[in-house]
Amino acid sequence: GENVEQHPSTLSVQEGDSAVIKCTYSDSASNYFPWYKQELGKRPQLIIDIRSNVGEKKDQRIAVTLNKTAKHFSLHITETQPEDSAVYFCAATPFSGGYNKLIFGAGTRLAVHP
Amino acid sequence: DAGITQSPRHKVTETGTPVTLRCHQTENHRYMYWYRQDPGHGLRLIHYSYGVKDTDKGEVSDGYSVSRSKTEDFLLTLESATSSQTSVYFCAISDGTGELFFGEGSRLTVL
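If you read the sequences in order, they're chains A and B.
Reading the first sequence from the start, the letters are residues 1 to 114 in my numbering.
Reading the second sequence from the start, the letters are residues 115 to 225 in my numbering.
Below, the structure written as structure tokens:
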């Protein structure tokens, strides 16, 4: 089955700096790679996702890159703000519509200091 | 937020007792999931459902059972709770396009 590893487990940056979180996956059949953000005491929420036919996707200050050959994908947050402080989870799964058995990484706790 | 509610939100129980957590949705989504969240492990899939009476096991299904008799309800049962099942449990729903919508979570403590 799929196995997802996520690094680093904690990340501390100054406001305005960039943050990068990296994930690797094991199942070459995986083709859907979402990122979820979980603020303290809240539910996880999707912030961006990428599918295997795309190498990079951007949404304002966040971007995700995918390298299928190396089986890794990364989340990039630019111009970080205190409200970006949260736990971020990457996930991977083979997905062709319908149900998907998302396998999550262990999470990265991002702290943005003013 | 998607119409998904979990109950109870907090529960303390003793080892060996049965526990049932309920997930209720008003979105009419076909797919429902139960995850547990533990420090250092992220979110791990327990069971999922792809329709009424259609369920299957996830990564960590031992000690758990599920039932889905109606589209809107997905029940997670711990047949005999153990301390290792102390966790935060999240239900999630999906319409099949990829995104999971999570409930607010149920914190279970097994003493």
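Virtual Cβ for every residue (Gly too), placed ideally from N, Cα, C.
What you are looking at is a predicted structure, and each value in this text was computed from that prediction instead of being measured.
Check: State whether the segment 182 to 196 of chain B contacts the segment 129 to 144 of chain B, with contact taken as three or more CB pairs (one from each stretch) at a distance under 8 Å.; Outcome: yes
Check: Ends of the beta strand (DSSP E) at Arg-43(A)?; Outcome: First-last for Arg-43(A): undefined, no H or E at that position.
Check: Comparing the C-beta of Glu-193(B) with each C-beta of chain A, is any distance below 7 Å?; Outcome: no
Check: Could you give the DSSP three-state label for Pro-82(A): helix, strand or coil?; Outcome: helix
Check: Does the distance from the C-beta atom of Phe-33(A) to that of Phe-89(A) stay below 7 Å?; Outcome: no
Check: Could you please give the first and the last residue of the uninterrupted beta strand (DSSP E) stretch that includes Gly-172(B)?; Outcome: No beta strand (DSSP E) holds Gly-172(B); DSSP gives it neither H nor E.
Check: Would you kindly work out how many angstroms separate the C-alpha atoms of Arg-68(A) and Ser-30(A), rounded to a whole number?; Outcome: The amino acid at residue 68(A) is misidentified as Arg; the sequence shows Lys. Between Lys-68(A) and Ser-30(A), the C-alpha separation is close to 9 Å.
Check: Is the CB-CB distance between Ala-86(A) and His-155(B) below 7 Å?; Outcome: no
Check: Sorted by chain position, which residues of the same chain lie with C-beta nearer than 7 Å to Lys-22(A)'s C-beta, five sequence neighbours on each side aside?; Outcome: His-7, His-72, Ser-74
Check: Report yes if the C-beta distance between Tyr-145(B) and Tyr-36(A) is below 7 Å; otherwise report no.; Outcome: no
Check: Please say whether Thr-108(A) and Leu-11(A) have beta carbons closer to each other than 7 Å?; Outcome: yes
Check: Does Phe-188(B) get closer than 7 Å to chain A when you measure Cβ to Cβ?; Outcome: no
Check: So, is Pro-44(A) buried or exposed, given that buried needs 16 or more other C-beta atoms within 10 angstroms?; Outcome: buried
Check: Going along chain B, which residues have a C-beta under 8 Å from Arg-106(A)?; Outcome: According to the sequence displayed, residue 106(A) carries Ala and not Arg. Those within 8 Å of Ala-106(A) in chain B are Gly-154, His-155, Gly-156.
Check: Name, please, each residue of chain A whose Cβ falls closer than 7 Å to the Cβ of Tyr-145(B).; Outcome: Tyr-99
Check: List the residues of chain A that Glu-128(B) touches, going by C-beta distances under 8 Å, in chain order.; Outcome: Per Cβ cutoff of 8 Å: no residues; Glu-128(B) is ~26 Å from chain A at best.
Check: Return the first residue and the last residue of the beta strand (DSSP E) that Thr-10(A) is part of.; Outcome: 10 to 14
Check: Can you pull the chain B residues whose beta carbon is under 7 Å from the beta carbon of Phe-89(A), in chain order?; Outcome: Gly-156, Leu-157
Check: Following the continuous beta strand (DSSP E) through His-76(A), name the residue where it begins and the one where it ends.; Outcome: 72 to 77
Check: Ile-160(B): which of Gly-210(B), Leu-214(B), Phe-216(B), Cys-205(B) sits nearest, CA to CA?; Outcome: Cys-205(B)
Check: So Leu-46(A) contacts chain B; which residues on that side make the cut at Cβ distance below 8 Å?; Outcome: Glu-213, Leu-214
Check: Closer than 9 Å by beta-carbon distance: list the chain A residues that pair up with Gly-210(B), in chain order.; Outcome: Gly-97, Gly-98, Tyr-99, Asn-100
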